[in-house]
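In the UniProt record's numbering, the protein residues as written are 1 to 382.
Next comes the structure, spelled out in structure tokens:
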């Protein structure tokens with residue numbers, strides 16, 4: 001039995017390596033969860049329904065893994081030329097990869113999101129009529145900065161940054177709706193101001209890095225423009241204390257570890273880790289001032305955590321991707337050349353979004369080179 005505020009909030013039963021958990025998140029919803037992250041039976045007053053609650057499957061990559069240092073260009077121009085054709089990109093900000101290895105790219109300066117089928121030289125625009133503009137309707141997209149593909153792979157969430165909202169594209173119906181935000185930019189709990197990171201958990205809670213308000217917000221499922229979020233990291237005031245953030249960027253939620261939140265604390269040049277309900281974070285990468293040593297970061301942008309708890313960071317201004325294994329004091333260079341830019345296969349120029357596919361291959365949004373690079377996992381390294 002688990003208690004919160006002197007009242008029962010959960011019951012657990014464990015037998016034969018299987019767990020059944022009954023718990024509630026508020027006065028409206030009661031959840032029954034069998035084998036964590038698998039099936040949930042939830043009751044909403046008189047309504048009864050069964051839903052699958054699946055976390056995004058992460059690759060199993062051993063802590064000693066290495067990648068081919070030479071990447072392959074799978075989207076955009078290998079020579080680093082920008083453009084707006086179906087084969088080009090202009091400042092790719094973030095990426096998502098599905099189980100069929102189709103690639104989704106937030107094409108920031110072209111005000112669009114593109115989809116590349118695996119092996120295709122050309123892409124298609126995601127969603128109906130998404131294009132440049134500032135306004136409340138879902139036909140406008142003004143600077144996409146973050147993407148999240150949910151575990152069903154039927155919904156793509158898009159941080160529509162200058163419109164201060166997150167859009168949800170349903171790939172089945174080809175319908176775009178506003179998932180959170182949409183009532184303007186601000187600092188109230190139903191608004192945010194610029195977001196470089198979004199995450200959607202197995203219960204459809206939406207996490208948003210509220211960059212200019214120095215906090216991370218969590219919105220409940222089925223939010224509207226008036227729905228209030230809760231602050232799960234940061235105080236709303238920039239700072240370097242363990243309960244503060246300074247321009248949070250990419251975020252990741254480890255749903256296999258009690259929903260532990262990882263936040264790129266960009267201008268503090270560190271990555272913070274927050275256990276559920278903690279107000280103080282723990283530094284898990286960087287945090288030793290701006291620099292290029294292996295215990296430092298310089299303007300980091302994105303974070304990814306694999307099933308072993310290894311933390312991957314796009315160390316943007318150092319033009320490299322780093323990883324920190326659990327409890328490591330120093331990071332390890334994954335790809336890129338520290339402090340050196342270029343368009344050769346081993347070079348990066350301001351890497352932003354990063355992802356691992358189901359096989360552990362690393363994808364990098366090579367922002368200033370206007371391309372997406374894939375670095376193949378060396379399976380012999382594990």
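Every residue gets a Cβ at the ideal spot worked out from N, C-alpha and C, and that includes glycine. As the structure is a prediction and not an experimental result, all values here were calculated from the model.
Using a Cβ-Cβ cutoff of less than 6 Å, which residues in the same chain neighbour residue 283 once the five nearest sequence positions on both sides are dropped?
The residue you call residue 283 lines up with position 283 of the chain shown. Result list for residue 283: 270, in chain order.
Status (buried if at least 16 other CB within 10 Å, exposed otherwise) for residue 286
By 1-based counting over the chain shown, the position of residue 286 is 286. That one is buried.
Just curious, the beta strand (DSSP E) that residue 262 is in, first and last residue?
Mapped onto the chain shown, residue 262 falls at position 262. 260 to 265 is the extent of the beta strand (DSSP E) around residue 262.
Judging by CA-CA distance, which residue of 167, 113, 272, 290 is the nearest neighbour of residue 304?
Stepping through the chain shown from its first residue, residue 304 is reached at position 304. Closest by alpha carbon: 272.
Can you tell me whether DSSP reads residue 138 as helix, strand or coil?
For the purposes of this step, residue 138 is taken as the residue at position 138 of the chain shown. DSSP places residue 138 in the coil class of the three-state scheme, outside both helix and strand.
Which residues bound the beta strand (DSSP E) around residue 146?
Against the chain shown, residue 146 aligns to sequence position 146. Here the beta strand (DSSP E) through residue 146 covers 144 to 149.
Can you tell which of 325, 294, 77 has its C-alpha closest to the C-alpha of residue 64?
By one-based count along the chain shown, residue 64 stands at place 64. The residue with the shortest Cα to Cα distance from residue 64 is 325.
Say whether the stretch 176 to 193 touches the stretch 213 to 225, bearing in mind that this needs 3 or more beta-carbon pairs closer than 8 Å, one atom from each stretch.
Note that the stretch 176 to 193 touches the stretch 213 to 225; at least 3 beta-carbon pairs, one per stretch, sit closer than 8 Å.
Tell me which residues share the same chain as residue 193 and place their Cβ nearer than 8 Å to its Cβ, disregarding the 5 neighbours each side in the sequence.
Working through the chain shown from its first residue, we reach residue 193 at position 193. Contacts found: 164, 185, 186, 187, 210, 211, 212, 213.
Could you give the first and the last residue of the continuous beta strand (DSSP E) run that contains residue 248?
As a first step, residue 248 is located in the chain shown; it is residue number 248 there, counting from the start. Segment 248 to 254, the beta strand (DSSP E) holding residue 248.
Should residue 368 and residue 350 be called a contact, given that it needs their Cβ atoms to be closer than 7 Å?
For the purposes of this step, residue 368 is identified with residue 368 of the chain shown, where counting begins at 1. For the purposes of this step, residue 350 is identified with residue 350 of the chain shown, where counting begins at 1. Closer than 7 Å, so yes.
Just the Cα atoms here: how many angstroms apart are residue 198 and residue 313?
Here residue 198 is taken as the residue at index 198 of the chain shown, counted from 1. Here residue 313 is taken as the residue at index 313 of the chain shown, counted from 1. Answer to the nearest angstrom: the Cα atoms are 16 Å apart.
Within 10 Å of its beta-carbon, does residue 122 have 16 or more other beta-carbons around it, so buried, or fewer, so exposed?
Translated into positions along the chain shown, residue 122 becomes position 122. Its Cβ having fewer than 16 others within 10 Å, residue 122 is exposed.
Please report the straight-line C-alpha distance between residue 363 and residue 76, rounded to a whole angstrom.
Along the chain shown, one-based indexing puts residue 363 at 363. Along the chain shown, one-based indexing puts residue 76 at 76. Going from the Cα of residue 363 to the Cα of residue 76 covers about 13 Å.
Starting from the C-beta of residue 380, find all residues in its chain whose C-beta is less than 8 Å away, skip the five residues before and the five after it, and write them out in chain order.
For the purposes of this step, residue 380 is identified with residue 380 of the chain shown, where counting begins at 1. So no residue of the chain qualifies.
Taking the CB atoms as reference points, tell me whether residue 106 and residue 93 lie closer together than 7 Å.
Residue mapping note: residue 106 aligns to position 106 of the chain shown, counting from 1. Residue mapping note: residue 93 aligns to position 93 of the chain shown, counting from 1. In this structure, residue 93 lies closer than 7 Å to residue 106 by Cβ.
Beta carbon of residue 98, beta carbon of residue 149: below 7 Å?
Here residue 98 is taken as the residue at index 98 of the chain shown, counted from 1. Here residue 149 is taken as the residue at index 149 of the chain shown, counted from 1. Result yes, Cβ atoms of residue 98 and residue 149 sit closer than 7 Å.
Helix, strand or coil at residue 312 [DSSP, three-state]:
To locate residue 312, count along the chain shown from 1; it is residue 312. DSSP places residue 312 in strand when its eight states are reduced to three.
Could you have a look at residue 380 and say whether DSSP puts it in helix, strand or coil?
Start at 1 with the first residue of the chain shown, and residue 380 comes out as number 380. Looking at residue 380 - three-state DSSP - the assignment turns out to be helix.
Go ahead and pull the three-state DSSP assignment for residue 157.
The sequence position of residue 157 within the chain shown is 157, counting from 1. Residue 157: strand per DSSP, three-state reduction.
Which word fits residue 335, buried or exposed, when buried means at least 16 other C-beta atoms lie within 10 angstroms of its C-beta?
Position 335 of the chain shown, counting from 1, holds the residue named residue 335. So residue 335 ends up on the buried side.
Which listed residue (166, 356, 170) has its alpha carbon closest to that of residue 191
The residue you call residue 191 lines up with position 191 of the chain shown. Answer by Cα proximity: 166.
Are the beta-carbon atoms belonging to residue 298 and residue 318 less than 7 Å from one another?
Position 298 of the chain shown holds residue 298. Position 318 of the chain shown holds residue 318. Yes, they are a contact pair.
Express the C-alpha separation of residue 252 and residue 168 in angstroms, rounding to a whole number.
Translated into the one-based positions of the chain shown, residue 168 becomes position 168. Translated into the one-based positions of the chain shown, residue 252 becomes position 252. If you take the alpha carbons of residue 168 and residue 252, they lie about 18 Å apart.
Suppose you measure from the CA of residue 48 to the CA of residue 254; what does that come to, to the nearest Å?
Taking the chain shown and counting its residues from 1, one reaches residue 48 at position 48. Taking the chain shown and counting its residues from 1, one reaches residue 254 at position 254. Per-residue confidence for residue 48 stands at a pLDDT of 39, beneath the threshold of 50, marking its modelled position as unreliable; the derived number appears in the next sentence. Roughly 28 Å separates the two Cα atoms.
Which one or two residues does DSSP pair with residue 192 in a beta bridge?
In the chain shown, the residue the question calls residue 192 occupies position 192. Note: residue 192 sits in no beta bridge, so no partner.
Those residues which DSSP pairs with residue 233 across a bridge
Within the chain shown, residue 233 is the residue found at index 233, counting from 1. In DSSP, residue 233 forms a bridge with 216.
Continuous beta strand (DSSP E) stretch holding residue 273: start and end:
Position 273 of the chain shown, counting from 1, holds the residue named residue 273. Here the beta strand (DSSP E) through residue 273 covers 270 to 274.
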